[in-house]
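Below: one structure, written as structure tokens.
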Amino acid sequence: MQKLLIKGKQQLSGKISISGSKNSSLPILAATILGNSIKLFNVPLVKDIFTMIELLKFIGLTIKISKDKNSLEILNNDKNINTLAPYKLVKTMRAGVLVLGSLLSKYQKAKVSLPGGCAIGTRPVDLHLLALKKLGAKIKIKNGYIIAEAKKGLRGTTIKFPSISVGATENAILAAFQAKGKTILKNCATEPEIKDLVQFLNRLGGNIKIFSRKIIINECKKIKNKIRHKIIFDRIEFGTYIIAGALIGKKISINNINFSYIKNEINILKKMGVKIKKTKNSVIVAKAKKLNKINISTKPYPGFPTDLQAQLMVLMTQAKGTSKIKENIFENRFMHVPELKRMGANIKIKNKTATIQGPSKLTGAEVMATDLRASVSLVLAGLVADNRTIINRIYHLDRGYERLDKKLRKCNAKISRI
Ligand code: UD1
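As structure tokens, then:
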């Protein structure tokens with residue numbers, strides 16, 4: 184099993200180009216089932232994307248990957264379609280459940296493995312199923328599978344989600360795409376990745392509009408052929424590298440971004456005292472001379488993302504005073520804390536809140552990655568710590584970060600795979 188070895192305290196300088204968003208690519212890949220001939224650009228070639236490609240191939244799509252261009256060509260001739268998403272492909276990547284909406288919308292039936300829990304929480308799919316049922320699907324759960332059917336096709340309706348879910352909003356949009364008439368979704372997630380999915384579907388022939396937390400989907404009657412779409416940048420990858428720059432950057436320039444999606448995160452970092460200089464589509468960041476404490480709560484977009492909480496916590500360990508993070512989205516998302524404490528951080532957890540007392544001198548240690556974002560927080564801690572940090576189980580990292588060690592090495596970090 185591969186490990187990452189980091190020799191800390193090396194100042195970083197250079198350029199980092201942000202990859203396409205994993206969380207945008209996954210629902211858009213699920214949406215390609217709805218089309219016939221599609222080319223996607225700026226796709227991050229990380230493990231979760233390969234798992235989704237495998238799932239689409241299993242369903243019957245043909246996919247050509249251009250690794251050097253980060254592009255995918257996806258063909259669906261609607262022949263020999265298997266409306267099944269098997270356990271072995273959904274268990275490692277929950278986003279596999281998103282093919283449910285597309286398969287039901289286009290082929291009126293689907294059998295998709297229940298994704299089950301994962302390290303960060305129980306992560307149910309009740310909200311996904313609630314939306315599909317309201318659209319007219321008959322749903323049974325049998326032998327660990329969701330068996331869904333809509334013999335006469337789905338019908339547009341109004342659905343109000345009892346709470347906000349990214350995945351359920353995406354699945355509902357995909358299912359409603361070809362449902363008869365108009366669908367109105369209320370209390371939706373409106374993450375930039377959802378906007379990207381809607382833009383893609385509108386290119387495919389859809390008529391979907393987003394208003395604050397409401398999304399209106401008018402039935403798509405004619406699918407367009409030969410669609411080309413460029414995936415938006417990964418705002419979580421951006422947040423991770425800007426925090427690396429704030430921790431130990433001499434001067435890092437981060438490119439390939441769009442400010443309109445990351446205003447809130449940039450404001451929080453500025454409040455902490457991080458010096459950020461904006462240029463047209465990049466930012467320049469350097470180690471903050473003095474970091475201030477701050478309190479944040481994770482919330483659905485435009486609130487602070489749960490996917491950036493672990494990384495911000497590392498920055499808080501270097502800030503003067505007591506900072507707090509309240510995690511409102513997932514119930515078990517502080518698994519990086521015991522590992523950060525082993526590296527010298529002073530953190531206490533009570534219920535949903537982590538209290539971080541800083542600044543702490545971090546020292547290298549052998550640590551264990553537990554999930555995607557927790558693993559990258561250990562990389563950040565390793566970069567700023569004295570001596571050597573070894574991170575085990577880095578397959579978590581490879582699920583979502585494209586060439587992380589190469590990108591950091593280009594900025595003079597001493598990081599290698601062993
Ligand atoms: C997506 C992101 C993930 C991010 C999360 C929150 C992808 C591939 N993953 O995950 O990186 O951390 O949004 O921003 O885009 N819930 C229910 N019932 C449901 C669905 C969700 O109770 O049917 C709960 C979850 O347990 C969680 C909360 O709703 O507490 C939000 O989850 P959700 O927004 O659905 O996250 P995902 O779409 O799984």
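In this note's numbering, the protein residues as written are 184 to 601.
Backbone N, C-alpha and C define an ideal beta-carbon position, used for all residues, glycine too.
Just list the alpha helix (DSSP H) runs in the segment 233-304, keeping only unbroken ones of 4 residues or longer that don't cross its boundaries, in chain order.
-> Taking only runs of at least 4 residues, the alpha helix (DSSP H) segments lying wholly in the segment 233-304 are 270-273 and 282-290.
Answer with buried or exposed for residue 517, where buried requires no fewer than 16 other C-beta atoms within 10 angstroms of its C-beta.
-> By the 10 Å Cβ count, residue 517 comes out buried.
Alpha carbon to alpha carbon, how far is residue 514 from residue 302?
-> The C-alpha of residue 514 lies about 10 Å from the C-alpha of residue 302.
Please go through the same chain and pick out, in chain order, the residues whose beta-carbon is closer than 7 Å to the beta-carbon of residue 191, but skip the five residues on each side of it.
-> 547, 565, 566, 567, 568, 569, 570 and 572
Roughly how many angstroms lie between the CA atoms of residue 136 and residue 328, to the nearest whole one?
-> In the structure displayed, the chain extends from 184 to 601; residue 136 sits before or after that span and is not available.
Check: residue 448 C-beta below 8 Å from any heavy atom of the ligand FMN | Annotation note on the ligand FMN: not contained in the displayed structure, which lists the ligand UD1 as its ligands.
Could you tell me the distance, in whole angstroms, from the CA atom of residue 277 to the CA atom of residue 298?
-> 5 Å
What are the start and end residues of the beta strand (DSSP E) that includes residue 506?
-> 504-509
Host alpha helix (DSSP H) of residue 182 (start-end) | No answer is possible for residue 182: the residues shown for the chain start at 184 and end at 601.
Count the C-beta pairs between the segment 273-288 and the segment 198-217 that are closer than 8 Å, then say yes if the count reaches three, no if not.
-> In short, these stretches touch, since the Cβ pair count reaches three.
Terminal residues of the continuous beta strand (DSSP E) containing residue 341?
-> 341-343
Could you name the residues of the same chain whose beta carbon sits closer than 6 Å to that of residue 487, not counting the 5 residues immediately before and after it, in chain order?
-> So the qualifying residues of the chain are 479 and 481.
Where residue 234 and residue 270 are concerned, what is the direct C-alpha to C-alpha distance, given to the nearest angstrom?
-> Taking C-alpha positions only, residue 234 is separated from residue 270 by approximately 12 Å.
Relative to the ligand UD1, is the shortest distance from any of its heavy atoms to the C-beta of residue 353 smaller than 8 Å?
-> yes
When you compare each of 555, 492 and 474 to residue 541 by their alpha carbons, which one comes out closest?
-> Check the Cα spacing between residue 541 and each of 555, 492 and 474: the tightest is with 474.
Bridge partner(s) assigned by DSSP for residue 432 = 195
Given that a residue counts as buried once 16 or more other Cβ atoms are within 10 Å of its Cβ, and exposed if not, what is residue 309?
-> Sixteen is the threshold: since fewer than 16 other Cβ atoms of the shown chains lie within 10 Å of the Cβ of residue 309, the residue is exposed.
For residue 243, which of 444, 266, 223 and 230 has the nearest alpha-carbon?
-> 266
Which partner residues does residue 526 have in the DSSP bridge list?
-> Answer by DSSP bridge pairing: none, since residue 526 is not bridged.
Buried or exposed for residue 431, please, with buried defined as at least 16 other CB atoms from any protein chain shown within 10 angstroms of its CB.
-> buried
Buried versus exposed, by CB contacts within 10 Å (16 or more), residue 253 | By the neighbour-count rule (16 or more Cβ atoms within 10 Å), residue 253 is buried.
Work out the CA separation of residue 507 and residue 521 for me, nearest whole Å.
-> Their backbone Cα atoms lie some 16 Å apart in a straight line.
Using the C-alpha atoms, what's the distance from residue 314 back to residue 330?
-> 15 Å
Which whole-angstrom value describes the C-beta separation of residue 421 and residue 384, a residue pair presumed to lie in contact below a C-beta threshold of 8 Å?
-> Not confirmed; about 25 Å, so no contact.
Which full runs of the beta strand (DSSP E) of 3+ residues lie inside the segment 386-423, going along the chain?
-> 390-394, 397-401 and 410-413
Closest by C-alpha distance to residue 342, when choosing among 336, 312 and 556 = 312
Go through its chain and collect everything with a Cβ distance to residue 449's Cβ below 7 Å, but skip five positions before and after it.
-> 459
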